[in-house]
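Start counting the sequence shown at 0; every next residue gets the next number (numbering that gives the first Met the number 0). From the three backbone atoms N, C-alpha and C, an ideal C-beta is built for every residue, glycine too.
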Amino acid sequence: MTTLTPKDAHRTTSTADAPAKTPPRTGRRPRTPHFSRAAVNTVLVVMSFYTLMPILWLLFAATKDNGDLFGKPGFQLGDFSLLSNLSDLFTYQDGVFGRWLANSALYSLVGSLVSTMLCVAAGYAFDKYHFAGKERIYGFVLLGLLVPATVVSLPIYLLASEVNLVNTYWAVLIPSLANPFGVYLSRVFSEGYVPDETLEAARMDGAGEIRTFASIALPMLKPAFMTVFLFSFTGSWNSFFLPLVMLNDQDLYPVGLGLFNWNANLSQYPEQYALLITGSLVSILPLVLAFLCLQRYWRSGLTAGAVK
Numbered sequence: 000m001t002t003l004t005p006k007d008a009h010r011t012t013s014t015a016d017a018p019a020k021t022p023p024r025t026g027r028r029p030r031t032p033h034f035s036r037a038a039v040n041t042v043l044v045v046m047s048f049y050t051l052m053p054i055l056w057l058l059f060a061a062t063k064d065n066g067d068l069f070g071k072p073g074f075q076l077g078d079f080s081l082l083s084n085l086s087d088l089f090t091y092q093d094g095v096f097g098r099w100l101a102n103s104a105l106y107s108l109v110g111s112l113v114s115t116m117l118c119v120a121a122g123y124a125f126d127k128y129h130f131a132g133k134e135r136i137y138g139f140v141l142l143g144l145l146v147p148a149t150v151v152s153l154p155i156y157l158l159a160s161e162v163n164l165v166n167t168y169w170a171v172l173i174p175s176l177a178n179p180f181g182v183y184l185s186r187v188f189s190e191g192y193v194p195d196e197t198l199e200a201a202r203m204d205g206a207g208e209i210r211t212f213a214s215i216a217l218p219m220l221k222p223a224f225m226t227v228f229l230f231s232f233t234g235s236w237n238s239f240f241l242p243l244v245m246l247n248d249q250d251l252y253p254v255g256l257g258l259f260n261w262n263a264n265l266s267q268y269p270e271q272y273a274l275l276i277t278g279s280l281v282s283i284l285p286l287v288l289a290f291l292c293l294q295r296y297w298r299s300g301l302t303a304g305a306v307k
């Protein structure tokens with residue numbers, strides 16, 4: 000057994016109480032995050048400009064007539080002809096462009112509302128109810144995410160032709176109701192933001208399942224509803240291949256297919272250049288308005304999916 004003398008104990012205590020030596024300064028300051036932040040901001044500005052440049056060109060081009068489109072290309076300004084272009088756009092061929100806009104609004108609004116309600120109800124059911132084969136059925140629903148829409152367009156056309164739905168509004172509306180991603184997002188949001196205790200309290204108060212869903216769960220799922228609706232609305236508004244396969248009547252075309260038809264006939268009707276560009280500008284305005292009005296909802300909906 001080792002015995003410490005008072006001198007050794009004093010030395011040990013002094014060593015323990017001595018402050019730790021600080022490393023010598025090298026003269027280099029710690030790297031600040033300003034450089035990395037500036038680099039990220041630069042990349043974001045460049046990518047934003049790259050994304051917005053076609054829209055800016057479209058905005059400039061829509062103010063020109065046919066002569067200025069070729070005489071002053073790019074971002075050069077010519078005679079301001081936007082108002083006359085809009086007037087010609089909505090009066091050309093007896094106002095067929097207005098019918099195309101109305102058709103797109105019908106396909107997108109009605110189809111998206113019904114599709115979103117079905118998706119939210121299905122996602123809520125997959126989350127809150129227990130039944131045989133639930134996960135297997137849910138897996139089959141998610142398999143739809145792996146199948147491109149163009150692959151199933153021809154089988155859908157054959158089925159629609161069997162029941163005489165080709166060249167009707169229903170030929171475009173009914174297929175747009177299927178949205179596997181909407182079901183997935185609705186279930187994720189229901190798992191995170193609809194407490195089981197709240198539903199049980201509503202049931203104990205005598206509320207039925209439909210009333211519980213409509214009065215309790217649906218308000219909680221409002222961000223998910225808006226997010227799914229916005230995705231569905233955008234997809235329906237930009238839908239091209241399915242209407243191309245299903246529709247033959249020009250009066251039933253959505254705006255995207257109608258503009259494609261004008262673009263295919265530019266060699267025969269060169270006066271459609273200004274109409275085509277102005278129509279393209281008008282056709283994106285509903286999407287811009289939808290994003291601006293619903294952005295606070297779909298942001299929270301996407302955040303819920305990311306957290307899950």
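Here the stretch 57–66 lies against the stretch 270–290, with 3 or more beta-carbon pairs under 8 angstroms apart.
Non-local beta-carbon contacts of Tyr123 in its own chain, meaning distances under 8 angstroms to residues more than five positions away in sequence, involve Ser185, Arg186, Ser189, Val193, Phe212, Ala216 and Leu220 in chain order.
In this structure, the alpha-carbon of Met203 lies about 10 angstroms from that of Glu196.
Rounded to the nearest whole angstrom, the CA to CA distance from Ser114 to Val171 is 13 angstroms. One alpha carbon belongs to Leu85, the other to Trp236, and they sit about 21 angstroms apart. Residue state for Tyr156 is assigned as helix, using DSSP reduced to three classes. Contact between Leu105 and Tyr168 is confirmed by a C-beta separation of about 7 angstroms, below the 8 angstroms threshold. In summary, Met46 is exposed, with fewer than 16 beta-carbon neighbours lying within 10 Å of its beta-carbon over all protein chains present.
Rounded to whole angstroms, the separation of the alpha carbons of Pro222 and Ala201 is 21 angstroms.
Between Phe239 and Leu251 a beta carbon distance of about 14 angstroms is seen, past the 8 angstroms cut, so the two are scored as non-contacting. Sorting Ser160, Thr233 and Ala131 by C-alpha distance to the C-alpha of Val244 places Ser160 at the top. Ranked by Cα distance from Leu176, the options Met116, Phe290 and Tyr268 are led by Met116.
Per DSSP, reduced to three states, the secondary structure at Ile173 is coil, with no helix or strand assignment. Out of Ile209, Leu144, Ser152 and Gly207, the CA that lies nearest to the CA of Phe180 is found in Leu144.
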